[in-house]
Amino acid sequence: MDASFRWRFENKTGTDRVPVFRWAVCLVIHGSRSGIGSKLRAPIVIARTGPHDMRLIIGNANYSTWSMRPWVFVHRHDLPVTVEFHDLFTDDMSAALSDRFSNGKVPVLVDDGFEVWDSLAVLEYLGERFPETAPWPADREARGVARAVSAEMHSSFTAMRNAMPMNLRRRFPGYQPGEAALAEVARIQAVWRYCRERYGADGPWLFGDFSIADAMFAPVVMRFRSVEVPLDDLSTAYCETMNADPSVRAWIALGLAETFEVPEDELDWPGEAITAV
Ligand SMILES: N[C@@H](CCC(=O)N[C@@H](CS)C(=O)NCC(=O)O)C(=O)O
7 MDASFRWRFE NKTGTDRVPV FRWAVCLVIH GSRSGIGSKL RAPIVIARTG PHDMRLIIGN
67 ANYSTWSMRP WVFVHRHDLP VTVEFHDLFT DDMSAALSDR FSNGKVPVLV DDGFEVWDSL
127 AVLEYLGERF PETAPWPADR EARGVARAVS AEMHSSFTAM RNAMPMNLRR RFPGYQPGEA
187 ALAEVARIQA VWRYCRERYG ADGPWLFGDF SIADAMFAPV VMRFRSVEVP LDDLSTAYCE
247 TMNADPSVRA WIALGLAETF EVPEDELDWP GEAITAV
């Protein structure tokens, strides 16, 4: 990474350089109605700057599973990417995306005046742009399988997604997600076991070292925080690795600090507040 990167703090009246804690990397709040925004008297920009001028446009940390994936990758590798958070399904988010060719959804990565959208494509692009992140396993076979399970995560598990939305602020004791969702949870555990047992000997992640495949599965682990599902020992250990990761914890902290609510992502079930990472 280029040593000339600097943290930049901006507000409407000017630019100052100040040190910030690493966990606050890439946080941008654009006149947000969310809790963080109002507390900091937005608009405020905190950005990592350098020769690249990349911007990652994403939704609320509490709910946006697709946003979490590239954010965790950016944070983990300390990439010089400015991040904009927008409240999902609001005019603010529509306005941020309306002049763009992408499909009106987040995440979107803007680089040098063009954009890359869709979480897996964004991760691939970041990996190419910053090869030192080692985005995929070095071994060809492992890399092929890592791409396969990432693509499966990207295109599947609809029953689980619908029954168990990510909600970092709530847990739902006793909630039963239904047979279709549980069958998908079983498939996810089979995928994790396959990767960990065949390719994961060199570390705690699916392919040993952290890769795009882990970024893709991170929100699944977040869903399991809210809705308790039966997990085998290997999956429990993988979830513990994920939950202990500093970048994942930083994302959870952002979600806990937000107050904005998306009613359709709130389960109709008596829940309990989660207040600590
Ligand atoms: N397949 C896309 C899904 C993107 C997506 O559905 N994003 C949601 C937020 S988590 C969104 O922007 N929803 C706003 C909308 O549908 O208007 C990806 O991988 O990025």
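Just add 6 to wherever you are in the sequence shown, counting from 1, and you've got the numbering used here. Note that beta-carbon positions come from the ideal geometry of N, C-alpha and C, so glycine has one too. These numbers come from a predicted model, not from an experiment.
| field | Proximal residues to ASP208 (C-beta, below 7 angstroms), its chain only, five neighbours per side dropped | value | Hits under 7 angstroms: GLY214, ASP215.
| Which residues in the same chain as TRP29 place their Cβ atom closer than 6 angstroms to its Cβ, once the five residues preceding and following it in sequence are excluded? | Low per-residue confidence applies at TRP29: pLDDT is 37, beneath 50, and the placement is therefore not dependable, though the value from the model is reported in the following sentence. Within the same chain, TRP29 has close Cβ partners ALA256.
| Can GLY184 and VAL112 be called in contact, C-beta distance under 7 angstroms? | Between GLY184 and VAL112, the C-beta spacing is not below 7 angstroms.
| query | Can you find a heavy atom of ligand 1 that lies under 6 angstroms from the Cβ of SER70? | reply | Checking every heavy atom of ligand 1 against the Cβ of SER70, one is found closer than 6 angstroms.
| query | Nearest to GLU278 by CA position, among ARG175, ALA144, VAL254, THR265, is which residue? | reply | Among ARG175, ALA144, VAL254, THR265, the Cα nearest to that of GLU278 belongs to ARG175.
| said: Please list the terminal residues of the continuous alpha helix (DSSP H) segment that includes MET159. | reply: From DSSP, the alpha helix (DSSP H) with MET159 extends over 146-161.
| request: With a 10 Å radius around its C-beta and 16 neighbouring C-beta atoms as the bar for buried, classify ASP220 as buried or exposed. | output: It counts as buried.
| query | Does DSSP put ASP22 in a helix, in a strand, or in coil? | reply | Legend: pLDDT at ASP22 = 30, less than 50; position of this residue unreliable, no value from coordinates given.
| query | Can you give the Cα-Cα distance for VAL227 and ASP118, rounded to whole angstroms? | reply | Rounded to the nearest angstrom, the two C-alpha atoms are 34 angstroms apart.
| task | Just mark SER125 as buried or exposed, buried being the case when its beta carbon has 16 or more other beta carbons within 10 Å. | result | Buried, since its Cβ has 16 or more Cβ neighbours within 10 Å.
| query | At which residue ranges does the stretch 174-261 contain complete beta strand (DSSP E) runs of 3 or more residues, listed in the order of the chain? | reply | For the beta strand (DSSP E) assignment, the stretch 174-261 encloses no uninterrupted run of at least 3 residues.
| Identify the residues that DSSP records as bridge partners of PHE120: which are they? | According to the DSSP secondary-structure assignment, PHE120 is paired through a beta bridge with ASP117.
| query | For the stretch 69-76 against the stretch 236-249, are there 3 or more C-beta pairs whose distance is under 8 angstroms? | reply | Judged by pairs of C-beta atoms under 8 angstroms, the stretch 69-76 does not touch the stretch 236-249, as fewer than three such pairs exist.
| Simplified DSSP state of LEU126, which is helix, strand or coil | Secondary structure of LEU126 (DSSP, three-state): helix.
| said: If distances are taken between C-alpha atoms only, which option among THR281, MET170, LEU240, ASP93 comes closest to ALA263? | reply: Of the candidates THR281, MET170, LEU240, ASP93, the one whose C-alpha sits nearest the C-alpha of ALA263 is THR281.
| Using a threshold of 6 angstroms, is the CB atom of ASP98 nearer than that to any non-hydrogen atom of ligand 1? | No, ligand 1 has no heavy atom inside 6 angstroms of this Cβ.
| field | DSSP-derived helix/strand/coil call for PRO269 | value | Looking at PRO269 - three-state DSSP - the assignment turns out to be helix.
| request: For TRP275, count neighbouring Cβ atoms within 10 angstroms of its own Cβ and tell me buried if that reaches 16, exposed if not. | output: TRP275 counts as exposed, since fewer than 16 other C-beta atoms from the protein chains shown sit within 10 angstroms of its C-beta.
| query | Which residues in the same chain as VAL128 place their Cβ atom closer than 7 angstroms to its Cβ, once the five residues preceding and following it in sequence are excluded? | reply | Excluding sequence neighbours, VAL128 sits near PRO76, PRO113, LEU115, VAL122.
| With PHE217 and ASN173 assumed to form a contact (beta carbons below 8 angstroms), what rounded beta-carbon distance in angstroms separates them? | The displayed chain sequence assigns Ser, not Phe, to residue 217. Contact doesn't hold; Cβ gap of about 26 angstroms is too wide.
| said: Give me, in chain order, the residues of the same chain whose beta-carbon lies closer than 7 angstroms to that of LEU188; leave out the 5 immediate sequence neighbours on both sides. | reply: Only VAL235 meet the Cβ criterion.
| query | In terms of alpha-carbon separation, which member of GLU203, GLY150, ALA169, HIS160 lies closest to ASP239? | reply | The shortest CA-to-CA distance from ASP239 to any of GLU203, GLY150, ALA169, HIS160 is the one to GLU203.
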